[in-house]
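Just so you know, we're using the working numbering here: the sequence shown kicks off at 294 and counts up by one. Cβ coordinates follow ideal geometry from the N, Cα and C atoms, glycine included.
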Amino acid sequence: MYIQTERLILRNFTDGDLDSFLEYHNDPEVAKYQGWGIPYPREDAVAFISSMKERVAPRQGGWIQFAIALKDTDELVGDLGCYIKEDDVRQARIGFTLSSKHWRKGYMTEVIPHLLEYLFEDMDVHRVVADCDTENAASYRTLEKIGFRREAHFVESYLDNGVYTSEYHYGLLQREWRENLKGR
Ligand SMILES: CC(C)(COP(=O)(O)OP(=O)(O)OC[C@H]1O[C@@H](n2cnc3c(N)ncnc32)[C@H](O)[C@@H]1OP(=O)(O)O)[C@@H](O)C(=O)NCCC(=O)NCCS
């Protein structure tokens, strides 16, 4: 994977990403609505990067995470991943994280469409979904800005640190993606 956007690169992880990856994984603001706990151990980060280095393309029933780096310096600033459904190669889920030093610069809105282009046009994916905590405005506003449709609001549907929290589910179809592109 190597995709350049206006300000960013979407690429495979490298060993040199370790310190930056650990820094944002250990930021409580970044981890607030994510599945990992803090402190995020160095050995987990080493294992994660090592496993992602070997994964060169999306595969059914598994996540692949790509590194988001600054075009000018190649510094890691976040990650963007996709999961291909185990029983349907034409359905995918995406997930994304950005270092808080780089929030609100439009980076995630800039980079996600490039992954969608790859999924919809190169892999012929029919439908992409994403979900987020109902309190995670940054996440759902990013998804809505890109064209995702809110399809469900599940109330107190998952247990997070002993508290039942609520989720929004979003979806986007290949034909909607293509229609949206025509309208731009
Ligand atoms: C979600 C996240 C990736 C957004 O990245 P970002 O690059 O800052 O987002 P953008 O700058 O592209 O902004 C996209 C939209 O979201 C809005 N937004 C961004 N952060 C926001 C916040 N904290 N509160 C409300 N809206 C926010 C922006 O204003 C923009 O909408 P607008 O142009 O209509 O105003 C980032 O906040 C993040 O990494 N959060 C922690 C990890 C996380 O929760 N990931 C999602 C898990 S489901």
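| query | result |
| --- | --- |
| When the Cα of Leu369 is compared with those of Asn429, Ser432, Phe314 and Tyr463, which residue comes out closest? | Phe314 |
| What is the C-beta distance between Trp356 and Tyr376, in whole angstroms, given that I count them as a contact (C-beta under 8 Å)? | 5 Å |
| Enumerate in chain order the residues of its own chain whose CB-to-CB distance from Lys378 is below 8 Å, with the five nearest sequence positions on each side excluded. | Gln353, Gly354, Gln384, Ala385 and Arg386 |
| Mind checking which residues open and close the beta strand (DSSP E) that includes Gln467? | No beta strand (DSSP E) contains Gln467, which is instead part of the alpha helix (DSSP H) from Gln467 to Gly476. |
| Does at least one heavy atom of ligand 1 sit under 7 Å from the Cβ of Tyr451? | no |
| Would you mind stating whether Ala423 and Phe441 have Cβ atoms separated by less than 8 Å? | yes |
| From Asn454 to His462, what distance separates their C-alpha atoms? | 21 Å |
| Residues in the same chain with beta-carbon distance under 8 Å from Ser393, minus the five sequence neighbours each way, listed in chain order, please. | Tyr317, Asp320, Glu322 and Val323 |
| If I measure Cβ to Cβ from Ile405 and keep anything under 8 Å in the same chain, skipping five residues before and after, which residues do I get? | Leu373, Ile387, Phe389, Thr435 and Ile439 |
| Name the two residues that bound the continuous alpha helix (DSSP H) containing Ala340. | Arg335 to Glu347 |
| Less than 8 Å separating the beta-carbons of Met401 and Leu409? | no |
| Using the Cα positions of Lys475 and Met416, report the straight-line distance between them to the nearest angstrom. | 20 Å |
| Please confirm whether Glu403 and Leu301 have their CB atoms less than 8 Å apart. | yes |
| Quick one: what's got a C-beta closer than 6 Å to Asn305's C-beta in the same chain, skipping five residues either side? | Met294 |
| Can you tell me whether Asn429 sits near ligand 1, meaning its C-beta is under 7 Å from at least one heavy atom of the ligand? | yes |
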